[in-house]
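S.K.: To get my numbering, take the position in the first sequence, counting from 1, and add 555.
Got a structure for you, questions after.
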Amino acid sequence: MTVDRAWLARPALVMAPRLLNAVVVSDVGGVRVAARLTELEAYEGMDDPASHAFRGRTPRTAVMFGPPGHLYCYFTYGMHWCANIVCGADGVAAAVLLRAGQIVEGIDVARARRPAARRDVDLGRGPARLATCLGFGAEQNGLDLCDPASPVRLESRPARRAPAVVAGPRVGISAATERAWRFSLKDDPTVSTFKAGGRQRALGGPAD
DNA sequence: AGGACGATTAACT
DNA sequence: GTTAATCGTCCTC
Numbered sequence: 556m557t558v559d560r561a562w563l564a565r566p567a568l569v570m571a572p573r574l575l576n577a578v579v580v581s582d583v584g585g586v587r588v589a590a591r592l593t594e595l596e597a598y599e600g601m602d603d604p605a606s607h608a609f610r611g612r613t614p615r616t617a618v619m620f621g622p623p624g625h626l627y628c629y630f631t632y633g634m635h636w637c638a639n640i641v642c643g644a645d646g647v648a649a650a651v652l653l654r655a656g657q658i659v660e661g662i663d664v665a666r667a668r669r670p671a672a673r674r675d676v677d678l679g680r681g682p683a684r685l686a687t688c689l690g691f692g693a694e695q696n697g698l699d700l701c702d703p704a705s706p707v708r709l710e711s712r713p714a715r716r717a718p719a720v721v722a723g724p725r726v727g728i729s730a731a732t733e734r735a736w737r738f739s740l741k742d743d744p745t746v747s748t749f750k751a752g753g754r755q756r757a758l759g760g761p762a763d
């Protein structure tokens, strides 16, 4: 089952921890690769200096301003693609960056797409690495993750918040680094390494 | 029209 | 720990 679009119509900061353990299924290129999400980052659009949408709507960020449940793919450093799940109400810019995941289906395809990965846990350990495993590029930007007929879907919404969640500062950005908007599964080997200093803290709390 | 910089990665020392 | 690779996007003339 794909996730409900209405469930995603909340701020990215709310959705980022809730999307842990959700599964992205990609049939790009006629082959299936699926990844269980283990690390996510929230970007709140116009209130967030680190967000691509901070300076308003542009051709690149148009998807972020649209309805939730779509894929926002962007190209960076002249060579890498990264992917987000658009959240928030239609007209509000919000997105959750897929920072890491465990490949749970199509691991042979993922290995072929990521020849540099030495171990399987490294396949999707990093946003561009994960996007590469899933075959994401310009063609996948804007795809509807809630449509069962879409080539890329978001499936098996976790019934409740993942039991052991860690919150810490976001990575690879130069603005608003103090915001603890990066969420990961505690002790999961597929989570990317912390570079930016700053404390991380355990996150408890009730389910949903 | 020109230039700085990036929600990164891999291969170095 | 350091650094090259590499180009779309956006800001400033």
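Where a beta carbon is used, it is the ideal one built from N, C-alpha and C, also for glycine.
Please work out which residues of its chain come closer than 7 Å, Cβ to Cβ, to Gln695, disregarding the five sequence neighbours upstream and downstream, and give them in chain order.
M.R.: Taking the first residue of the first sequence as 1, we reach residue 695 at position 140. Contacts found: Val583, Leu626, Cys628 and Val707.
S.K.: Measuring straight from C-alpha to C-alpha, what distance separates Ser747 and Val651?
M.R.: As a working note, residue 747 is residue 192 in the first sequence. As a working note, residue 651 is residue 96 in the first sequence. Distance between the alpha carbons of Ser747 and Val651 is about 16 Å.
S.K.: Tell me whether Cys688 sits in a helix, a strand or coil according to DSSP, three-state version.
M.R.: Here residue 688 refers to the residue found at position 133 of the first sequence. DSSP, read as helix, strand or coil, puts Cys688 in helix.
S.K.: When you compare the region 678-688 with the region 634-643, are there three or more beta-carbon pairs, one atom per stretch, that lie closer than 8 Å?
M.R.: yes
S.K.: Kindly list the residues whose CB is nearer than 6 Å to the CB of Ser581, restricted to its own chain and excluding five residues on each side of it in sequence; keep chain order.
M.R.: Indexing the first sequence from 1 puts residue 581 at position 26. Same-chain partners within the cutoff: Val588, Leu689, Gly690 and Val707.
S.K.: Can you have a look at Ser705 and say buried or exposed, based on whether 16 or more other CB atoms are within 10 angstroms of its CB?
M.R.: Taking the first residue of the first sequence as 1, we reach residue 705 at position 150. Here Ser705 is buried: its Cβ has 16 or more other Cβ atoms, across all protein chains shown, within 10 Å.
S.K.: Thinking Val586 and Val659 are a contact (beta carbons under 8 Å), I'd like their distance in whole angstroms, please.
M.R.: By 1-based counting over the first sequence, the position of residue 586 is 31. By 1-based counting over the first sequence, the position of residue 659 is 104. Going by Cβ atoms, the distance from Val586 to Val659 rounds to 15 Å, so no, they are not a contact pair.
S.K.: Can you have a look at Asp602 and say buried or exposed, based on whether 16 or more other CB atoms are within 10 angstroms of its CB?
M.R.: Translated into positions along the first sequence, residue 602 becomes position 47. Under this definition Asp602 is an exposed residue.
S.K.: By alpha-carbon positions, which one of Arg734, Glu733, Arg560 and Leu595 ends up nearest to Gln657?
M.R.: Position 102 of the first sequence holds residue 657. It is Leu595 whose Cα lies nearest to the Cα of Gln657.
S.K.: Considering only the beta carbon of each residue, do Ala764 and Ala571 sit closer than 7 Å?
M.R.: With the chain represented from 556 up to 763, any question about residue 764 goes unanswered, as that position is not in the structure.
S.K.: Can you tell me whether Ala693 is buried or exposed? The criterion is at least 16 other CB atoms within 10 Å of its CB, across all chains shown.
M.R.: Your numbering for residue 693 matches position 138 in the first sequence. Exposed, since its Cβ has fewer than 16 Cβ neighbours within 10 Å.
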